[in-house]
Amino acid sequence: MTRAVQLRFRDVEVQRIGLGTNRLRNTPVNLAFLRAAVAAGIGHIDTAHTYTGGESEETIGAALSPIPNQCIVATKGGWASGRPDALRTEIEESLRRLRTDSIPLYYLHRPEQDTPLEDSLAAIKEYHDAGKIRHVGVSNVGIDHIERARAVVPIAAVQNNYSLSERRHEDVVDYCATEGIVFVPYFPLRGDADTTLSGIAERHNATHAQIALAWLLERSPTMLPIPGMLSLDHLNENLAALAIELGDADLQALR
Numbered sequence: 012m013t014r015a016v017q018l019r020f021r022d023v024e025v026q027r028i029g030l031g032t033n034r035l036r037n038t039p040v041n042l043a044f045l046r047a048a049v050a051a052g053i054g055h056i057d058t059a060h061t062y063t064g065g066e067s068e069e070t071i072g073a074a075l076s077p078i079p080n081q082c083i084v085a086t087k088g089g090w091a092s093g094r095p096d097a098l099r100t101e102i103e104e105s106l107r108r109l110r111t112d113s114i115p116l117y118y119l120h121r122p123e124q125d126t127p128l129e130d131s132l133a134a135i136k137e138y139h140d141a142g143k144i145r146h147v148g149v150s151n152v153g154i155d156h157i158e159r160a161r162a163v164v165p166i167a168a169v170q171n172n173y174s175l176s177e178r179r180h181e182d183v184v185d186y187c188a189t190e191g192i193v194f195v196p197y198f199p200l201r202g203d204a205d206t207t208l209s210g211i212a213e214r215h216n217a218t219h220a221q222i223a224l225a226w227l228l229e230r231s232p233t234m235l236p237i238p239g240m241l242s243l244d245h246l247n248e249n250l251a252a253l254a255i256e257l258g259d260a261d262l263q264a265l266r
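Heads up, the sequence shown is in the numbering used here, so the first residue is 12 and it goes up one at a time.
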């Protein structure tokens, strides 16, 4: 069966490879790159309140405002503190930086030890109910966190560290697939290539990164990796992974 290259993100269909922007700075070159990325079919752009001191959000806002309807821009808050007042401040700043009245997807960046998860998400839910956040996600979480979060507000996406070389969250990947929740792996290309990966890449006339992305896409039907990219050449190389079909022998070897 041919693997789907698009994924339904609640109300929008997006390509199954997105764009991570944790190194994005507000420069003319990067503004042009973001516009070209969306024109090339990137439908999911991921950022956070903390990335490059706020420049990542500012650059996305300057390049894309108003955010196209077919593009899910995601940002995150609550890395330093999950207190409701701190989250409200960060959400307001993100709305301003992104130059939007409604953030397509907003994550709680991580559960905080000193603030109950439910309290943090209740603050985010206020903005969701007011229409200032369309969809809510959680990041750096286990299944127990996700279920507690879903008791407060619908959860559209989960973002955890996951890749060929980092598989601590196998159970979360499977849970999200069963529940129809988009799973967004960050650092999807982190790790060193071994002889197995090199051999598969050679057989497919592909790069190591392309095989790693193709494996992620095969791993779960709700997987949407967000490799960091700052050039069109890199973007086009990664998008080419959408066309790579790994065979059973490839998947068994990578398993």
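Glycine is no exception: its CB is placed at the ideal position from the N, C-alpha and C atoms.
Treat the numbers as computed from the prediction; the structure is a model and nothing was measured.
- Message: Only counting the same chain, and skipping five residues up and downstream in sequence, which positions put a Cβ closer than 8 angstroms to that of S174?
- Response: Excluding positions up to five away in sequence, the list reads P196, F198, P199, L200, R201, G202, A223, L227.
- Task: Please work out which residues of its chain come closer than 6 angstroms, Cβ to Cβ, to M12, disregarding the five sequence neighbours upstream and downstream, and give them in chain order.
- Result: Low per-residue confidence applies at M12: pLDDT is 45, beneath 50, and the placement is therefore not dependable enough to give any value.
- Mapping DSSP to helix, strand and coil, what is Q124? Correct three-state label for Q124: coil.
- Could you round the C-beta distance between E69 and N37 to whole angstroms and report it? I think they count as a contact, below 8 angstroms. Between E69 and N37, the beta carbon gap of about 5 angstroms places them in contact (Cβ cut-off 8 angstroms).
- Compare the Cα-Cα distances from G64 to each of E256, L35, D57 and report the closest residue. Distances from the alpha-carbon of G64 to those of E256, L35, D57 put L35 closest.
- For S242, does the three-state DSSP call read helix, strand or coil? Reduced to three states, the DSSP call for S242 is coil.
- Counting Cβ pairs, one atom from each stretch, are 3 or more of them under 8 angstroms apart for the segment 47 to 56 and the segment 255 to 262? No contact exists between the segment 47 to 56 and the segment 255 to 262.
- Are the segment 98 to 106 and the segment 160 to 171 touching by the rule of at least three beta carbon pairs closer than 8 angstroms? The segment 98 to 106 vs the segment 160 to 171: no contact.
- Item | Neighbourhood of S131 by C-beta, 8 angstroms cutoff - its chain only, sequence neighbours within 5 removed | Apart from sequence neighbours up to five positions away, the residues of its chain that approach S131 with a beta-carbon distance below 8 angstroms are G89, G93, R94, P95, L98, L119, P122, E123, ordered along the chain.
- Task: Kindly give me the distance between the Cβ atoms of I144 and I135, rounded to whole angstroms, as I take these residues to be in contact under 8 angstroms.
- Result: With a contact defined as Cβ atoms closer than 8 angstroms, I144 and I135 qualify at about 6 angstroms.
- Task: Please name the residue, chosen from A260, K87, L250, that lies closest to H146 on a Cα-to-Cα basis.
- Result: Closest in C-alpha terms to H146, from the list A260, K87, L250, comes K87.
- Query: Can you give, in chain order, each stretch of the beta strand (DSSP E) that sits fully within the segment 157 to 213 and has at least 3 residues?
  - Reply: 168 to 172, 193 to 197, all fully within the segment 157 to 213.
- Answer with buried or exposed for V193, where buried requires no fewer than 16 other C-beta atoms within 10 angstroms of its C-beta. Buried: at least 16 other Cβ atoms inside 10 Å.
- Query: Contact check, R71 vs P115 under 8 angstroms by CB: the rounded distance?
  - Reply: It is worth fixing the name first, because residue 71 is Ile in this sequence and not Arg. With a contact defined as Cβ atoms closer than 8 angstroms, I71 and P115 miss out at about 11 angstroms.
- Spell out the partners DSSP gives A85 in its beta bridges. Within the DSSP bridge table, the entry for A85 names D57, L116 as partners.
- Task: Classify S272 as helix, strand or coil using the three-state DSSP reduction.
- Result: Beyond the ends of the chain as shown, which are 12 and 266, falls residue 272; an answer cannot be given.
- Can you name, in chain order, every residue of its own chain whose Cβ lies under 8 angstroms from the Cβ of A15, other than the five neighbours on each side? So the list reads R27, P232, once near-sequence residues are dropped.
- Item | Limits of the unbroken beta strand (DSSP E) element including I144 | 144 to 150 is the extent of the beta strand (DSSP E) around I144.
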